[in-house]
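Numbering (my numbering), first residue to last: 1230 to 1612.
One structure is given below, encoded as structure tokens.
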Amino acid sequence: MALLFGAGVLLVASPARADGNCKDKPAPIYGIGGSATKPLFGKVGAALAAASPRTLVYQAPGACVGINGLLGDTKLTGTASYWDADGKEQTCTLDVPTTIDFVSMGNSATSCPGVAALPADVGDFEGPVNAYTLIAPVASSQTSISREAAYFAFGFGQQGQAAPWVDESQIYRRDPNAAVQLFLSIATGVPVEKFKGIDTKTNSGTVTAVAQSPKPEAAIGVVSGEVADANRATVKILAYQHAGQRCGFWPDSSPTAFDKKSVRNGQYWMWAPLHFFAKVDAQKKIVNAAAADFIGLFTGATAPPANVDMLSIETKSGTVPRCAMNVWRDGDLGDIRREAPEKPCGCAFENIATGTTTCTACTTDAQCGTSTPTCRFGFCEAR
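Put into structure tokens, the structure is as follows:
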């Protein structure tokens, strides 16, 4: 994929065969940003295509490419992905330069090169939480990695002597525009532009490179939790031990679970909310109505169409809705604090993610006890 900037146009060339013009799809909305959200956007795009109908059109050249495009008032051209009602990713052509409706990425804007602050006419809206994970092939015997080992592996490669991750041809990274590399840089202290290894271009590219490595014991990469979860048949998530921790933690309670327990309680370190960016007015309201409706699905400001269950979609995509979190943080990998959600959905999240929960099922508050008196999302919650 080639990225060309010039004359106010963001050109994203793709070799994919396009299925018609994007503007001819039903009610298209145009986004750009990181590839980490594609599992989530695939499910949301399919649901909206079936229910609205609306077409989510998305380019994924990298998180920071997206925000710089919005701030520079550049246009989209080339080709982009969209999802049909069956959830199949398709490609369409942007036959005319097209305005960016929204940007999505895992990191805050100011973590991107060239972004000192957001202007007054651009808003930042937080969505569900995503983990950032270090992965190895399923054939690898490795199960965990410390912050220090990651520092030497990604920062120094062969010279770092962090065996078994010393072969720079088997260390898979991204470029400084990618959220996953930004977060690993913040966590480990390796300058974002100094990573050793091979640039795989996308999250899916990293999965493919790691899974197909001819040296599985030496292979390591970094991807979003969404993408890692969707590819557990070929790669495994390494437990991560941050500085000051006595052991490593998986995002989940075990390497085979999907409960995101360690993210939700703050033991797993590398997580952050998804950020959406869009143009806003003086009252900080999103100017573009379609963008406002779309972003509102993730923030709770928009009621979803009938038969679109955002809690289920977010959970099954490997993200954690804020209502299921027991902790929160400000900024990228800032200090973690305890925080009880105003309208908790932890019980429903567990039931969707794992197929079971110890919570009491309910349809009204009257069915709930004194310790969990409120019926929310079909289960008795403490608030």
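By construction, the Cβ of each residue, glycine as well, lies at the ideal position given by its N, Cα and C atoms.
Judged by beta-carbon spacing, A1407 lies beyond the 8 angstroms limit of G1560, meaning their Cβ atoms are not closer than that value. Shown here, Q1288 sits in a strand according to DSSP, grouped into three states. For T1528, the enclosing alpha helix (DSSP H) starts and ends at 1518-1528. Remark: C-beta atoms of S1398 and I1427 approach each other more closely than 8 angstroms. Per the coordinates, the alpha-carbon of L1285 lies some 8 angstroms from the alpha-carbon of S1310. Non-local C-beta neighbours of F1412 in its own chain, meaning closer than 6 angstroms and more than five positions away in sequence, comprise Y1361, M1499, ordered along the chain.
Closest in alpha carbon position to V1351, among G1343, A1338, V1358, is A1338. Around the CB of P1480, 16 or more other CB atoms lie within 10 Å, so the residue is classed as buried. Scanning the segment 1403-1473 from its first residue to its last, the whole beta strand (DSSP E) runs of 3-plus residues come out as 1449-1453, 1464-1466, 1468-1470. With 16 or more neighbouring CB atoms inside 10 Å of its own CB, E1455 falls in the buried class. Residue environment: V1492 is assigned as buried (16 or more neighbouring CB atoms within 10 Å of its CB, all protein chains considered).
Excluding sequence positions up to five before and after E1446, its CB lies within less than 6 angstroms of the CB of S1369, P1393, all in the same chain and listed in chain order. For the pair G1295 and K1465, the Cα-to-Cα distance works out to about 29 angstroms. Residues of the same chain with a CB within less than 6 angstroms of the CB of T1589, apart from the 5 flanking positions on each side, are C1609 in chain order. By alpha-carbon distance to R1475, the top candidate from P1602, T1593, S1375 is S1375. Closest by C-alpha distance to Q1512, out of A1379, A1349, T1372, L1269, is A1349. Here the C-alpha atom of P1257 lies approximately 23 angstroms from the C-alpha atom of G1335.
Remark: three or more beta-carbon pairs, one from each stretch, lie closer than 8 angstroms, so the segment 1546-1558 and the segment 1567-1574 are flagged as touching. In this structure, the alpha-carbon of T1601 lies about 32 angstroms from that of G1477. Taking Y1259 as reference, the option from A1519, A1459, T1528, Y1497 with the minimal CA-CA separation is A1519.
When the five nearest sequence neighbours on each side are left out, the beta carbons in the same chain lying within less than 7 angstroms of the beta carbon of A1276 are those of V1537, I1542, in order along the chain. In this chain, the beta strand (DSSP E) harbouring P1502 covers 1500-1508.
With a beta-carbon spacing of about 4 angstroms, G1386 and K1425 fall inside the 8 angstroms limit used to define contacts. Of the candidates K1304, R1605, C1321, G1274, R1605 places its Cα closest to the Cα of T1593.
The secondary-structure analysis by DSSP pairs T1327 across a beta bridge with L1305. The Cβ atoms of T1544 and A1595 lie no closer than 8 angstroms to each other. If you ignore the 5 residues before and after I1515, its C-beta comes within less than 6 angstroms of the C-beta of A1507, V1509, A1521, all in its own chain and listed in chain order. Taking the CA atoms as reference points, G1384 sits about 43 angstroms from A1314.
Around the beta carbon of N1250, a 10 Å sphere encloses fewer than 16 other beta carbons of the protein chains shown; the residue is thus reported as exposed. Contact check for A1486 against I1364 fails: the beta carbons are separated by 8 angstroms or more. Within the same chain, and ignoring the five residues on either side of K1254 in sequence, the residues whose Cβ sits closer than 8 angstroms to its Cβ are T1284, V1286, Y1311, C1321. Annotated as distal: Q1390 and R1402, with beta-carbon spacing of 8 angstroms or more. For L1347 and T1327, the gap between their C-alpha atoms comes out near 22 angstroms. Between T1531 and the set G1356, A1459, G1598, A1501, the nearest pair of CA atoms involves G1356.
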